[in-house]
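Take 24 as the starting number for the sequence shown in the working numbering and just add one per residue. Following: one structure in structure tokens, then a few remarks.
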Amino acid sequence: MTNNTSKRFYVDTSLGQMHGQIYPNKGQTIVCLHPMPYSGRYYETFCKTLTETTSFSSLCLDMIGYGQSASINNPISIQDYARSVIEALDQLISDKFINKDISLLGFHTGSAIANEIAVMEPKMINKLIFVTYPYFETSDRKERLDSIGKTVLDENIESLRSMWEFSVTNRAEGVLLDRAVSNFTDQLQSTTKGWFGFDSMFNYPSEERLLLQKKPTLILNDQSSLTEPTSQANEVIQDSYYVELENTKGAIFELNTDQIIHHISEFLLT
């Protein structure tokens with residue numbers, strides 16, 4: 024691919040329409056599952072670099088309730104998110120929009136969804152890539168469930184200040200302003216429902232579900248609040264390949280794309 028242009032699409036699922044973007048290329052497709060409360064746009068820099076420097080195609084989906092996919096009024100489970108992705112991929116394969124040579128990449132919540140897809144439809148995918156994994160056992164999950172923050176909107180602009188400061192003002196050095204604003208607008212779009220994804224994650228029994236999938240799994244760890252949980256997940260997964268990324272300081276899909284792509288390429292092509 025020479026112009027690195029993405030194609031947008033919608034596909035029907037049992038939970039409503041799912042929006043996505045594909046960056047087509049010659050090789051196998053890496054399906055990118057975003058962290059919440061963002062959208063598939065979270066991977067824009069990564070996908071452009073990936074398809075410019077390798078033969079992989081990349082596909083980014085907006086999870087139901089996020090981005091430009093159908094909205095929901097109540098939290099759903101990781102299994103529900105996984106099922107909707109499976110339905111979308113089934114249709115895209117049937118329509119010959121993508122081929123059957125698929126691996127999944129997840130980041131934060133997206134890693135749990137990728138794991139569940141591998142449990143529910145193991146024949147659909149080749150390999151898994153977890154770029155960190157939010158592994159929490161029962162007591163820790165309950166504590167985190169009880170402390171989930173839920174944004175309450177009012178007419179005062181101050182109600183949005185914390186989101187702006189997190190995504191834009193305090194962004195990691197080197198992250199471009201337009202990418203930071205893109206993340207802010209994703210948060211803004213799901214403002215009062217952005218917590219749904221955290222609810223699904225903290226209700227997901229990773230200590231049980233990670234044991235059920237047997238796909239080769241690359242685990243990329245960084246220096247963050249998920250460093251230790253990711254290391255713990257690695258101990259549970261049966262067929263794992265563990266790598267610690269170097270010199271990370273946040274925003275790794277903006278600032279450490281070359282390093283991530285190197286490890287992914289080595290993993291998928293061997």
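We treat Cβ as the ideally placed atom computed from N, Cα and C, and that holds for glycine. Note that the coordinates shown come from a computational prediction; the quantities given were computed from them, not determined experimentally.
* To do: Give the DSSP bridge partners of T208, in chain order.
  => Paired residues: none, contrary to the question.
* Nearest CA to the CA of K49: which residue from Y33, N149, Y61, T76? -> Comparing Cα-Cα distances from K49 to each of Y33, N149, Y61, T76, the minimum goes to T76.
* Please report how far the alpha carbon of I145 lies from the alpha carbon of D222, in whole angstroms. => Correcting the residue type first, residue 145 is Pro in the shown sequence and not Ile. P145 and D222: Cα-Cα distance of roughly 25 Å.
* **Residue span of the beta strand (DSSP E) that contains I45, given as start and end** => Residues 39 to 46.
* M174 versus I152 - alpha carbon distance -> Sequence inspection shows Thr at residue 174; the Met mentioned does not correspond to that position. Going from the Cα of T174 to the Cα of I152 covers about 31 Å.
* To do: Could you check the C-alpha separation between E267 and G90 for me, to the nearest Å?
  => Approximately 30 Å between the Cα atoms of the pair.
* Asked: Who does T215 pair with in a DSSP beta bridge?
  -> DSSP lists no partner for T215.
* Asked: If we ignore side chains and look at the alpha-carbon of each, how far apart do N28 and Y46 end up?
  -> Before going further, note that residue 28 is Thr rather than Asn in the sequence given. It is roughly 6 Å from the alpha-carbon of T28 to the alpha-carbon of Y46.
* Going by Cα to Cα distance, which pick from R232, R194, F32, S288 is closest to Q261? -> Distance check between Q261 and each of R232, R194, F32, S288 places R232 closest, using alpha-carbon atoms only.
* **Where N270 falls, given that 16 or more other Cβ within 10 Å makes a residue buried** => Exposed, by the Cβ-count rule.
* Given that a residue counts as buried once 16 or more other Cβ atoms are within 10 Å of its Cβ, and exposed if not, what is I53? -> Under a 10 Å Cβ-count criterion, I53 is classified as buried, with 16 or more other Cβ atoms of the shown protein chains found around its own Cβ.
* For H57 versus L82, is the C-beta spacing smaller than 9 Å? -> Against a cut-off of 9 Å, the Cβ pair of L82 and H57 comes out as no contact.
* Asked: On the three-state DSSP scale, how would you describe T133?
  -> The question names Thr, yet the displayed sequence has Gly at residue 133. Here G133 carries a helix assignment [DSSP, helix/strand/coil].
* According to DSSP, is S30 helix, strand or coil? -> A small correction: the amino acid at residue 30 is Lys; Ser does not occupy that position in the sequence shown. In the structure shown, K30 sits in a strand (DSSP, three-state: E or B).
* 6 Å CB neighbourhood of T36 in its chain, flanking five on each side removed -> Short of 6 Å from the beta carbon of T36, and not among the five residues preceding or following it, lie these beta carbons of its own chain, in chain order: S107, E110, A111.
* Helix, strand or coil at L56 according to DSSP, with G and I counted as helix -> Under the three-state reduction of DSSP output, L56 falls in the strand class.
* Asked: Just curious, the alpha helix (DSSP H) that I154 is in, first and last residue?
  -> Looking at the sequence shown, residue 154 is not Ile but Val. That residue, V154, is in no alpha helix (DSSP H); its beta strand (DSSP E) goes 151 to 154.
* Asked: Among S117, S134, I87, L183, which has the Cα closest to the Cα of S229?
  -> When S117, S134, I87, L183 are compared, the shortest CA-CA separation from S229 is found for S134.
* Within this structure, are the beta carbons of G129 and Y158 separated by less than 9 Å? -> No, they are not a contact pair.
* Asked: In angstroms, rounded to a whole number, what distance separates the CA positions of Y104 and H131?
  -> Looking at the two C-alpha atoms, the distance is approximately 14 Å.
* To do: Enumerate in chain order the residues of its own chain whose CB-to-CB distance from D209 is below 8 Å, with the five nearest sequence positions on each side excluded.
  => Excluding the 5 residues flanking it on each side, D209 has same chain C-beta neighbours closer than 8 Å at P60, Y61, S62, R64, Y65, Y89, G90, in chain order.
* According to DSSP, what are the bridge partners of E267? -> By DSSP's assignment, E267 forms a beta bridge with N244.
* By Cβ distance, which residues of its chain are closer than 8 Å to S182, with the 5 residues on each side in sequence left out? -> Contacts found: T174, V175, L176.
* Asked: Are I95 and F219 closer than 9 Å when you measure CB to CB?
  -> The answer is yes: Cβ separation under 9 Å.
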